[in-house]
Amino acid sequence: MAAAKPDPNFQPEIVVLYCRQALDAEERPPEGARQALGLGVRLVLLPCSSKVEAYQMLKIVEQGADGVLLLACPEKACRFLTGSLKAERRVQRARQLLGLVNMGPERVALRRVSGLSLKDILALAGQMASEVKALGPNPMKGDNLQ
Amino acid sequence: MIVAEWKPIPELLASLKGHKNILLVGCATCVAECAAGGEREVLTLAPVLKMGLKEQGQDVNIITKTLERQCEPEFVEELAEIAPQVDAIMSLSCGIGMQLVAERFIDLPLYPGVNTTSLAIREQPGLWTARCAACGDCMLGETFGLCPVARCAKSLMNGPCGGTRKDGKCEVDPDTECIWRLIVERAEARGRLEDLAKVRPAKDWSNSGHGGPKRMLREDLRS
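As given, the protein sequences belong to chains A and B, one line each in that order.
In terms of my numbering, the first sequence opens at residue 8 and continues consecutively.
In terms of my numbering, the second sequence opens at residue 40 and continues consecutively.
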């Protein structure tokens, strides 16, 4: 999508999909909507980052999220051996397709993390928000796929 | 399986220009196995098309549906309830299924979402290679189970040609085995190399696609 005019009031909405195994052992898995650092964050708990398919990330963007952040374990630390590798390939696929329709591949990203706390997740969402802010609001906001 | 691959996204977007309500229909059989037109690919392509068309200023509604098989009328009938809601259909099945859908819903424009390319196997995850050319006169019994029609770049009946690379690959593609080298190796392994020296009658191409559209008739199965 063509670069939007900077809007100082624009608060990106970020959907964070995170692997349960990447969470600190003491942390209680957080879910649901949060507000943090001037952005809206929706947290989705996954048993493994490989539970997400490319089409699901694309659908989240198509339904109006400004960014989708997938938090996966380090490649060698994946409890299911190849889960985070699959997740990385799916993110690449989603980014490639977003690029082909000028939606900005940056709207989908993967970070490899471990020992996460809720504070860490929100901080990563904040970083993601600053990366997608330059793209402007997702032009698909308000649309829904049947 | 019948193998197909997505058409380029710009081509798909151009074909849907002017349409408002689109049915994107997949097939859960061959094209699902080759990751081109099954339910997952339908669900992947739908948001991509919607975003791509929106970027071009075109708001569309996309209904998705994946049939068990698009090449059987019984399954295609499942689209009858959806068809009145749309003004175009894009199909991700092979060319066979697409034509059946087009035939059933004759008033709706049908656009191919994929190009049907070959009859192939999944050789490795993410890699499909042709095995059959539907030539109509199978010679696998003479070539030790390896098809030179589909797997030789020149479809040679007597090979290998002079272009085989030193590493045994085809001169046309360094990633493709010279199938005639493999045929000779298999003949040697079975101690039947002399079989390849036998003079064989010319291959009968009259049962291939050269004789016009194919028809197969079994009177005992007709109603």
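Idealized CB from N, CA, C, for every residue including glycine.
Predicted, not measured: the structure shown is a model, and the values here were computed from it.
Between residue i and chain B, is the shortest Cβ-Cβ distance under 8 Å, so that the two count as touching?
i                  : result
Glu-69 of chain A  : yes
Gln-153 of chain A : Low confidence applies to Gln-153 of chain A: its pLDDT is 38, below 50, so where it sits in the model is not reliable, and the reading given next is rough at best. For Gln-153 of chain A, the answer is yes, since a Cβ of chain B falls inside 8 Å of its Cβ.
Could you check how far apart the C-beta atoms of residue i and residue j are, in whole angstroms? I think they sit under 8 Å.
i                  : j                  : result
Leu-131 of chain B : Leu-62 of chain B  : Actually they are not in contact, since the Cβ atoms of Leu-131 of chain B and Leu-62 of chain B sit about 11 Å apart, beyond 8 Å.
Lys-59 of chain B  : Asp-126 of chain B : 6 Å
Val-59 of chain A  : Ala-132 of chain A : About 16 Å separates the two Cβ atoms, so there is no contact after all.
Ala-101 of chain A : Ala-61 of chain A  : 4 Å
Glu-95 of chain A  : Leu-117 of chain A : 6 Å
Arg-27 of chain A  : Leu-53 of chain A  : 6 Å
Glu-34 of chain A  : Ser-124 of chain A : 5 Å
Leu-142 of chain A : Val-48 of chain A  : Not a contact, Cβ separation roughly 17 Å.
Val-99 of chain B  : Lys-89 of chain B  : 6 Å
Gly-136 of chain B : Thr-105 of chain B : Not really, about 11 Å apart at Cβ, beyond 8 Å.
Taking Cβ-Cβ distances shorter than 8 Å, what residues in chain B pair up with residue i?
i                 : result
Ala-61 of chain A : Thr-83
At 7 Å on the CB atoms, spell out the chain B contacts of residue i, in chain order.
i                 : result
Leu-65 of chain A : Thr-83, Pro-86, Val-87
Once DSSP output is grouped into helix, strand and coil, what is the label at residue i?
i                  : result
Met-90 of chain B  : helix
Ser-194 of chain B : coil
Thr-155 of chain B : strand
Gln-163 of chain B : strand
Val-75 of chain A  : strand
Asn-109 of chain A : coil
Arg-119 of chain A : strand
Ile-41 of chain B  : strand
Ala-43 of chain A  : strand
Arg-79 of chain B  : helix
Val-64 of chain B  : strand
Arg-86 of chain A  : coil
Glu-216 of chain B : strand
Met-64 of chain A  : helix
Met-135 of chain A : helix
Between residue i and chain A, is any beta-carbon pair separated by less than 8 Å?
i                  : result
Ile-61 of chain B  : no
Ile-121 of chain B : no
How would you list, in chain order, the residues of chain A whose beta-carbon sits under 9 Å from the beta-carbon of residue i?
i                 : result
Arg-79 of chain B : Glu-60, Ala-61, Tyr-62
Just the chain B side, please: which residues come within less than 9 Å of residue i by C-beta, in chain order?
i                  : result
Pro-146 of chain A : Met-90, Lys-93, Glu-94
If you measure from the CB of residue i, is any heavy atom of the ligand HEM nearer than 7 Å?
i                  : result
Pro-213 of chain B : Looking at this structure, you won't find the ligand HEM or any other ligand, since it has none at all.
Could you name the residues of chain A that residue i contacts, counting a contact when the two beta carbons are closer than 8 Å?
i                 : result
Ile-48 of chain B : Leu-104, Leu-107, Val-108
Length at least 3, wholly inside the segment 95-122 of chain B: the beta strand (DSSP E) runs in chain order | Counting only runs of at least 3 residues, the segment 95-122 of chain B fully encloses the following beta strand (DSSP E) elements, listed from N- to C-terminal order: 100-106.
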